[in-house]
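> Sharing a structure, written as structure tokens. Questions coming.
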Amino acid sequence: MNFELDAAQSVWRDEVRAFLRENVTPELLAEVGEHRTTLLGGEVAAFRKKIGAKGWFGLNWPAEFGGMGLGPIYQHILMDEFEYWGVQGPDLTVTSVAPMIMRHGTQQNREQFLPPIARGEVRYAVGYSEPNAGTDLASLKTRAELDGEEWVINGSKIWNSQAHVATHEWLCVRTDPEAPKHRGISVIIVPIDTPGVEVRPLITWADYRTNETFFTDVRVPRTNLIGQLNEGWQYITGALSLERGALTNAGDFRRHVDELKELVRLPLEDGTRPVDNAEVRRAIAQLDADVEAAVLMGLEAASLLEIGEMPTITVTVAKVFTSELRQRIADVGTRIFGLAGALSTADPAAPAAGRYEKLYRNAPLMRFGAGTNEVLRDVIAQRGYTMPRLGR
Amino acid sequence: MNFELDAAQSVWRDEVRAFLRENVTPELLAEVGEHRTTLLGGEVAAFRKKIGAKGWFGLNWPAEFGGMGLGPIYQHILMDEFEYWGVQGPDLTVTSVAPMIMRHGTQQNREQFLPPIARGEVRYAVGYSEPNAGTDLASLKTRAELDGEEWVINGSKIWNSQAHVATHEWLCVRTDPEAPKHRGISVIIVPIDTPGVEVRPLITWADYRTNETFFTDVRVPRTNLIGQLNEGWQYITGALSLERGALTNAGDFRRHVDELKELVRLPLEDGTRPVDNAEVRRAIAQLDADVEAAVLMGLEAASLLEIGEMPTITVTVAKVFTSELRQRIADVGTRIFGLAGALSTADPAAPAAGRYEKLYRNAPLMRFGAGTNEVLRDVIAQRGYTMPRLGR
Amino acid sequence: MDLTHSAEQLELGAVARSLFTRECPTSLVRRLREPGSDGLAPTLWQALASAGIFGIPFEEKYGGAGAGQYELGLVFEQAGRALCPTIVYSTMVFGLGVARLGGDQLKSRYLPDLVEGRLRASHATWNPSNAADLRPRLSALRVADGWLLSGRLLFVQNAQAVDVLMVTARTSVHREPQRTYGFLIQPGGAGWLARALMTIAHDQQSEVVLSDYFVADDAVLTGPDGTGLAEGDLAWLANSAIALQCMEMVGGTAAVIEQTVAYTKVREQFGRPIGSFQAVQHLVADMRIALDAARLTATQAAWWTGRGEIANRAVAIAKMKCNEAYKWATLNCHQLQGGMGYVLDTDLHLWSSRAKLTELQGGTTDTAALWLERESGLI
Amino acid sequence: MDLTHSAEQLELGAVARSLFTRECPTSLVRRLREPGSDGLAPTLWQALASAGIFGIPFEEKYGGAGAGQYELGLVFEQAGRALCPTIVYSTMVFGLGVARLGGDQLKSRYLPDLVEGRLRASHATWNPSNAADLRPRLSALRVADGWLLSGRLLFVQNAQAVDVLMVTARTSVHREPQRTYGFLIQPGGAGWLARALMTIAHDQQSEVVLSDYFVADDAVLTGPDGTGLAEGDLAWLANSAIALQCMEMVGGTAAVIEQTVAYTKVREQFGRPIGSFQAVQHLVADMRIALDAARLTATQAAWWTGRGEIANRAVAIAKMKCNEAYKWATLNCHQLQGGMGYVLDTDLHLWSSRAKLTELQGGTTDTAALWLERESGLI
């Protein structure tokens with residue numbers, strides 16, 4: 183047990199911080215804030231390129247795949263700092279898709295798909311959910327049939343975030359419709375520009391764009407199948423676990439709390455300061471304590487990964503806790519400034535430039551997304567305490 | 183819609199208050215506090231006799247059964263005042279058992295059992311739960327078999343509160359073991375002093391005594407069957423509804439909040455006053471608001487009964503809300519006085535004479551008793567919103 | 073004591089509900105949220121006027137129905153279900169203000185038009201973040217035949233779309249004590265500057281800056297004896313407005329719960345409707361419990377203020393319960409509707425945004441708790 | 073950075089757990105709650121001494137293991153599971169105080185005996201309702217060869233059963249500034265009056281009134297240069313004690329959840345184990361989430377204080393999370409165990425009472441939040 187960064191970890195954190203201090207510009211943040219944009223513009227692309235140049239996209243990959251071979255604690259430190267600064271670091275492509283290819287892909291898969299990821303040339307969207315297969319993911323119906331040396335894919339995916347800026351889709355398909363629902367699922371990589379792929383925008387309450395993606399007689403090479411045929415379910419549940427793990431760094435939470443502590447000292451319209459109100463102080467102290475717990479959950483998950491344990495319960499607990507905490511942070515951030523808290527990012531007078539108003543609209547997503555908290559609570563009880571599974 | 187007492191209702195409330203002001207003595211309250219006592223002593227008995235003399239045990243009974251024929255609002259006002267003063271008014275015998283006899287009993291049942299209740303000579307314990315039939319009440323196994331002109335009863339009841347001070351048991355028994363579980367249940371009245379009845383104490387965390395009651399070859403006249411054979415389930419579910427309704431007056435809650443408002447002005451050991459702490463004020467304001475809502479739920483239930491509607495959802499909502507509110511009141515009452523809040527009724531230095539410490543131990547009961555809140559939430563969803571019932 | 077509705081009250085609620093269902097669909101709500109919308113809704117407005125809604129609480133001699141202010145609350149409950157544009161609310165609050173604070177002359181000037189649907193109005197007589205703070209934000213300087221108003225008002229509903237606005241100002245007259253007067257002013261003209269505020273609910277609110285804005289003597293509310301408006305009357309008006317808003321919040325809460333329950337009955341996952349899962353049912357049950365608490369306390373507040381009482385305690389409690397019930401119902405409904413209810417194409421977010429706005433409008437739960445603490449003598 | 077336990081730490085936890093399981097059954101806990109009990113537990117005590125538990129955090133030259141204070145926290149986590157009598161806790165806190173505040177002479181006098189299990193002790197060096205309030209409750213008057221202590225101490229753990237008690241007092245010496253000194257006193261004798269307090273947990277706490285109680289100079293902690301104890305050292309001691317108590321609370325929380333889960337697996341209603349109902353599983357999941365937050369924050373607080381840091385922030389957060397996790401776990405376990413867990417014959421209430429007591433001991437969540445606000449510069 184050790185709550186202190188060791189010397190090498192401190193150096194690493196300082197390096198990441200220095201990089202961010204230098205490269206996170208107001209222009210970049212402005213572009214990041216523009217979630218509606220169909221294509222991410224120059225600032226984000228340039229920033230990604232700089233991260234690639236540092237080798238950080240492959241920071242947790244083994245050296246044999248061109249990675250830096252750094253452990254989960256290092257990855258955690260990096261993600262935490264990126265979140266604190268409000269910019270995206272290594273995304274699902276490198277934290278989730280690539281590790282799955284390394285772990286489950288064939289040798290050919292690895293040679294074909296990993297190097298472009300490492301070079302930062304490609305970006306994956308992850309195609310899991312369908313209109314009738316959300317929480318009940320295993321009910322997915324998108325079909326892939328082998329026709330000679332090609333897969334022919336038909337169906338559609340929903341909540342297909344990033345598809346409009348991605349180059350490839352990590353697509354879950356049904357390859358054996360006769361098998362029980364958790365069997366017969368495979369993962370196939372589909373370049374987004376393949377004929378027959380159509381990406382339609384879905385705009386959410388948070389102005390965040392996600393997509394519905396349609397696949398009509400889309401043909402990709404047989405070798406785009408990842409790993410073994412009909413073994414996809416175990417790959418994607420593994421990927422989801424990593425995804426949940428990646429959600430728990432809570433660096434952005436720490437930033438919010440730090441920022442709120444400063445903002446409440448500024449006088450409101452009527453001359454009073456929120457910090458002079460005991461209720462406001464208490465609300466912030468409560469968030470502060472809970473964010474600390476969230477931070478520790480993330481560190482514990484990273485520590486367990488570091489010693490080779492899959493922290494399933496830890497990341498599940500952390501996902502439920504952090505997603506509900508995010509909603510509380512947003513609620514506090516919109517209610518301690520009086521009615522001014524209702525002003526949106528569009529209004530120049532909004533406290534904190536409307537960030538909490540936006541977070542309030544953003545927060546619901548993480549509570550039902552990436553596994554609804556209801557199902558995850560079942561998981562905590564059933565896997566954490568072996569409680570009987572009986573029809574939920 | 184009218185939130186004001188009319189002239190007659192005001193007169194009634196004043197009459198009840200005057201009676202209580204005169205008759206609720208410190209000696210009576212001291213005896214009421216002694217839950218462990220096996221038999222209630224002189225003060226409670228004398229107080230009950232005075233209530234009987236006022237005719238209030240039959241206040242909501244029709245005149246034909248010797249009652250005062252007053253409506254649910256009047257009953258509510260009376261119960262509310264009694265609760266505020268911390269004494270038991272008309273108990274389940276008159277608010278729940280007697281109305282069921284009136285509604286479902288045979289003519290002979292009514293003539294035999296109602297007059298002694300009206301005169302305050304008898305007191306019923308209500309025997310529903312069994313060790314393996316708690317929330318799942320319909321699984322009860324206590325058997326009654328007809329042997330000539332007598333029922334022969336074998337089995338046991340648990341959480342049989344008041345049995346040690348009751349004269350009679352309102353007993354739910356299985357009279358047809360072949361029928362589906364909700365059929366084949368009947369209600370039989372058993373005098374507690376019948377040979378074969380044994381009452382054993384169960385002492386709870388709150389020092390409150392309840393009982394386990396054993397019935398071994400207990401014989402009672404055939405005519406002690408209430409209403410129709412095998413129709414008992416509908417009688418007892420009706421009685422439970424009334425019982426839940428009777429729980430929602432919240433007069434005691436109002437008293438607690440009023441009292442807390444006064445207590446927090448007194449200085450603590452270290453010279454500070456809880457009321458000078460914003461958190462304490464806010465906690466009390468929150469309770470105050472919630473108690474107001476609880477009071478209104480009770481009044482709404484009474485109003486619905488007054489116009490002839492069975493307020494099933496209202497009393498179910500109220501039961502869940504009030505039972506969880508009671509736990510919060512107890513929690514606040516034990517945490518705003520510093521460590522002194524841990525002092526029990528046994529310690530002369532306890533704030534509020536330890537009432538909140540005792541309430542804290544008492545409060546769990548109402549959350550799982552009289553229908554666990556989990557099952558009642560199912561009821562609210564399924565009956566209040568016709569949500570599908572599918573294996574809970 | 074009778075917490076049930078009379079047949080007439082039930083009928084009024086049903087009429088209002090069907091009127092709003094017909095005349096205030098979410099397509100209208102969406103149109104009014106668009107940038108550049110003036111927040112007016114002429115067809116709905118005409119329907120409300122025809123149905124006599126605007127006249128409900130006012131005396132018959134001004135064309136009203138004299139039916140009682142509580143009945144207006146029943147209408148607002150239905151308005152809240154349908155997310156009725158706020159101009160109906162701001163107009164009615166103005167009307168209640170004139171009826172309570174004005175003399176016969178001003179009442180005759182404004183109320184008949186208002187009742188007939190010919191007048192749109194609003195008000196700014198309390199701190200929009202704290203309805204118990206009645207200190208005027210404007211100063212009034214005495215000039216010939218009238219007053220010059222100056223100062224800044226924040227969050228004035230529909231300021232740029234209405235015919236008339238009731239504001240309060242602190243007078244400044246040589247050798248006289250400062251007094252609080254009311255002023256009925258027309259938006260626009262010399263000394264008027266307004267800026268639209270962008271809120272989460274995309275509703276019509278403005279910042280208004282007045283600089284030596286002239287108001288003639290005949291549009292001034294001086295109180296019965298000319299010494300200023302009684303604080304009690306202003307408090308009653310603010311509390312009446314909060315109580316009516318609470319009724320709206322109750323309607324909104326009920327609406328999102330019902331929509332969401334309907335969704336859970338048809339949405340299937342794991343081979344069964346999600347509404348059959350106990351976790352879903354319990355979330356619904358918890359929303360219902362909060363709704364009942366909100367409904368009963370809002371009803372009480374609307375009833376007592378409707379009787380002319382200031383009712384600080386009832387109003388504080390109602391605001392506390394309605395704020396939390398509405399907000400958490402919308403957030404929990406997002407949870408139950410998932411991605412489906414999260415895209416702008418579906419309607420849930422219209423209520424969610426409104427719930428957040430009304431939570432903050434007039435006072436958060438913390439603020440309302442302070443009202444209650446003050447009323448209880450704790451502070 | 074590594075939030076996992078080493079093999080040695082895991083082993084220590086396992087040893088402690090099996091020791092407490094064997095030597096501290098609930099029958100012992102019940103016996104110690106009986107009226108007239110002295111709170112001692114000689115068999116358990118001897119077992120702890122034999123296992124070397126008392127020596128864990130102390131230097132080897134005093135007979136200790138020098139294994140680190142954090143390791144003591146791991147033992148207290150297991151002690152909390154078993155509701156270990158508080159005399160173990162009060163003795164260890166005394167020992168930590170002597171080790172931090174005392175000179176070699178006092179350490180040599182007390183620590184070897186303590187390590188060997190020959191000394192029972194307690195302490196009263198902070199406000200028992202607020203561990204951040206370090207103001208002495210006693211005054212010390214200078215007399216020949218020593219001091220006369222006077223004042224009243226509330227909620228002193230095991231005051232009437234221990235061999236020695238560490239207290240602080242404010243000195244009063246002519247022409248010298250007031251100073252805070254520590255005093256190691258023997259209960260009883262002239263000027264000592266104690267009254268047992270009756271708490272919800274039936275634990276051993278007393279009110280102690282001292283009147284000109286004499287302490288010889290050789291039992292006084294004057295600080296390194298004789299000018300009084302440093303506030304930082306006293307704060308560290310209080311925080312260490314709170315952190316260890318938090319570890320206890322974590323153990324207690326885990327224990328009630330596990331017991332209750334086991335119950336829900338065998339208790340059947342409606343033809344199935346109640347543990348198969350989603351509502352029951354979600355209540356368990358929520359308790360687990362709270363437990364994890366409590367566990368991680370308590371571990372952090374114990375680790376930093378164990379390194380000698382004052383760690384106000386970590387301790388405040390741990391107390392906030394542990395208070396609520398433990399209390400609500402016991403109350404929710406009552407809900408799941410129903411009547412079965414509510415009678416005195418079953419054990420759950422033993423934890424429920426302890427949870428309430430420890431919530432209040434040292435500071436409620438509101439109080440701990442104030443520590444955090446102060447640490448954040450908000451107040």
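Residue numbers (the working numbering), protein chains in the order written: chain A, 183 to 574; chain B, 183 to 574; chain C, 73 to 451; chain D, 73 to 451. From the three backbone atoms N, C-alpha and C, an ideal C-beta is built for every residue, glycine too.
#1: Anyone know if the C-beta pair for LEU585 (chain B) and SER348 (chain C) falls short of 9 Å?
#2: Short of 7 Å in beta carbon distance, which residues of its chain neighbour ASN205 (chain B), apart from the five on each side in sequence? Order them along the chain.
#3: If GLY111 (chain C) and GLN276 (chain C) are in contact, beta carbons under 8 Å, what's the gap, nearest whole angstrom?
#4: So with Cβ pairs under 9 Å, would you call GLN509 (chain B) a contact of chain D?
#5: From the beta carbon of ARG464 (chain B), is the nearest beta carbon of chain A less than 9 Å away?
#6: If you scan the region 287–346 of chain A from start to end, which runs of the beta strand (DSSP E) of 3 or more residues do you find wholly inside it?
#7: Are VAL352 (chain C) and ALA563 (chain B) closer than 9 Å when you measure CB to CB?
#8: What residues of chain A sit near GLN43 (chain D), judged by a beta carbon separation below 9 Å?
#9: Identify whether PHE148 (chain C) lies in helix, strand or coil by the three-state DSSP scheme.
#10: Does GLU461 (chain A) come within less than 9 Å of chain B when only Cβ atoms are used?
#11: Listed from N- to C-terminal order along the chain, which residues in the region 317–348 of chain C have their beta-carbon within a distance smaller than 7 Å of any beta-carbon of chain D?
#12: What does the alpha-carbon distance come out to for the pair ARG391 (chain B) and ILE408 (chain B)?
#13: For chain D, is any of its Cβ atoms less than 9 Å away from the one on PRO359 (chain B)?
#14: Determine the burial state of GLN258 (chain D): buried for a count of at least 16 other Cβ atoms within 10 Å of its Cβ, exposed for fewer.
#15: ALA365 (chain D) and TYR398 (chain D): beta carbons closer than 9 Å?
#16: How close, in whole Å, do the beta carbons of VAL214 (chain A) and GLY268 (chain A) come, if the pair is a contact with beta carbons under 8 Å?
#17: Short of 7 Å Cβ to Cβ, which residues in the region 396–410 of chain D face chain C?
#18: My parser needs the beta strand (DSSP E) runs of 3 or more residues fully inside the region 202–231 of chain C; what are they?
#19: Taking the Cβ atom as the reference point for each residue, do VAL147 (chain D) and LEU100 (chain D) lie within a distance shorter than 9 Å?
#20: Looking at C-beta atoms only, is the number of pairs between the region 380–394 of chain A and the region 340–353 of chain A that lie closer than 8 Å three or more?
#21: Whole alpha helix (DSSP H) runs in the region 542–574 of chain B with 4 or more residues, listed along the chain?
#22: Between which two residues does the beta strand (DSSP E) holding ASN393 (chain A) run?
#23: Which chain C residues sit within Cβ distance under 9 Å of GLY287 (chain B)?
#24: CB ALA390 (chain D) to CB ALA373 (chain D), shorter than 9 Å?
#25: Rounded to the nearest angstrom, what separates THR554 (chain A) and CYS354 (chain A) at their Cα positions?
#26: Could you tell me whether the Cβ of TYR414 (chain C) comes closer than 9 Å to any Cβ of chain A?
#27: Just to confirm, is the Cβ distance from ASP284 (chain D) to LEU221 (chain D) under 9 Å?
#28: May I ask you to list the residues that DSSP assigns as paired with SER368 (chain B)?
#29: Determine the DSSP secondary structure at ALA196 (chain D), reduced to helix, strand or coil.
#30: Please determine, among C:THR243, C:LEU178, C:GLN409, C:CYS156, the residue with the shortest C-alpha to C-alpha distance to ARG339 (chain C).
#31: Report back the beta-carbon spacing between ASP419 (chain C) and THR98 (chain C) to the nearest angstrom; my notes put them in contact at under 8 Å.
#32: Using a cut-off of 7 Å between C-beta atoms, extract the partners of GLN350 (chain D) located in chain C.
#33: Rank B:PRO403, B:TYR266, B:VAL308, B:VAL477 by C-alpha distance to the C-alpha of GLY330 (chain B) and give the top, closest one.
Judging by the given coordinates:
#1: Residue 585 (chain B) is absent from the structure shown; chain B starts at 183 and stops at 574.
#2: Closer than 7 Å at Cβ, skipping near neighbours: PHE229, LYS232.
#3: About 4 Å; that satisfies the 8 Å criterion.
#4: Yes, contact with chain D.
#5: Interface residue, yes.
#6: Counting whole runs of 3 or more residues, the region 287–346 of chain A contains the beta strand (DSSP E) stretches 306–309, 325–329, 332–339.
#7: With contacts defined as CB atoms closer than 9 Å, VAL352 (chain C) and ALA563 (chain B) qualify as a contacting pair.
#8: Chain D is shown from 73 up to 451; residue 43 (chain D) falls before or after that span and cannot be answered.
#9: Of the three classes helix, strand and coil, the one that applies to PHE148 (chain C) here is helix, per DSSP.
#10: Interface residue (Cβ-Cβ distance to chain B less than 9 Å): GLU461 (chain A) is classified as such.
#11: Contact residues of the region 317–348 of chain C toward chain D are absent (C-beta to C-beta distance below 7 Å).
#12: Distance between ARG391 (chain B) and ILE408 (chain B), taken at the CA atoms: about 28 Å.
#13: No, PRO359 (chain B) lies away from the interface with chain D (no Cβ there is under 9 Å from its Cβ).
#14: Classification for GLN258 (chain D): exposed.
#15: Pairing ALA365 (chain D) with TYR398 (chain D) gives a Cβ-Cβ distance that is not under 9 Å.
#16: So it is a contact: roughly 7 Å between Cβ atoms.
#17: Only those residues of the region 396–410 of chain D whose C-beta falls short of 7 Å from the nearest C-beta of chain C would be listed, and there are none.
#18: Those beta strand (DSSP E) runs which fall completely within the region 202–231 of chain C and span 3+ residues are 210–215, 218–229.
#19: Cβ atoms of VAL147 (chain D) and LEU100 (chain D): not closer than 9 Å.
#20: The answer is yes - the region 340–353 of chain A touches the region 380–394 of chain A, with three or more Cβ pairs under 8 Å.
#21: Counting only runs that start and end inside the region 542–574 of chain B, the alpha helix (DSSP H) elements of at least 4 residues fall at 555–566.
#22: Counting along the chain, the beta strand (DSSP E) containing ASN393 (chain A) begins and ends at 391–403.
#23: Contact of GLY287 (chain B) with chain C by beta-carbon distance below 9 Å is absent, the smallest such distance being about 30 Å.
#24: In contact: ALA390 (chain D) and ALA373 (chain D) (Cβ atoms closer than 9 Å).
#25: Each residue's alpha carbon lies about 19 Å from the other.
#26: By this cut-off, TYR414 (chain C) is an interface position.
#27: Yes, these two residues count as a Cβ contact at 9 Å.
#28: Residue pairing by DSSP puts SER368 (chain B) in a beta bridge opposite B:VAL355.
#29: Here ALA196 (chain D) sits in strand by DSSP.
#30: Taking the Cα of ARG339 (chain C) as reference, the smallest distance to any Cα among C:THR243, C:LEU178, C:GLN409, C:CYS156 is reached at C:GLN409.
#31: Rounded to whole angstroms, the Cβ separation of ASP419 (chain C) and THR98 (chain C) is 5 Å, and the two are in contact under 8 Å.
#32: Within 7 Å Cβ-Cβ: PHE349, GLN350, ALA351.
#33: For GLY330 (chain B), the nearest C-alpha among the options comes from B:PRO403.
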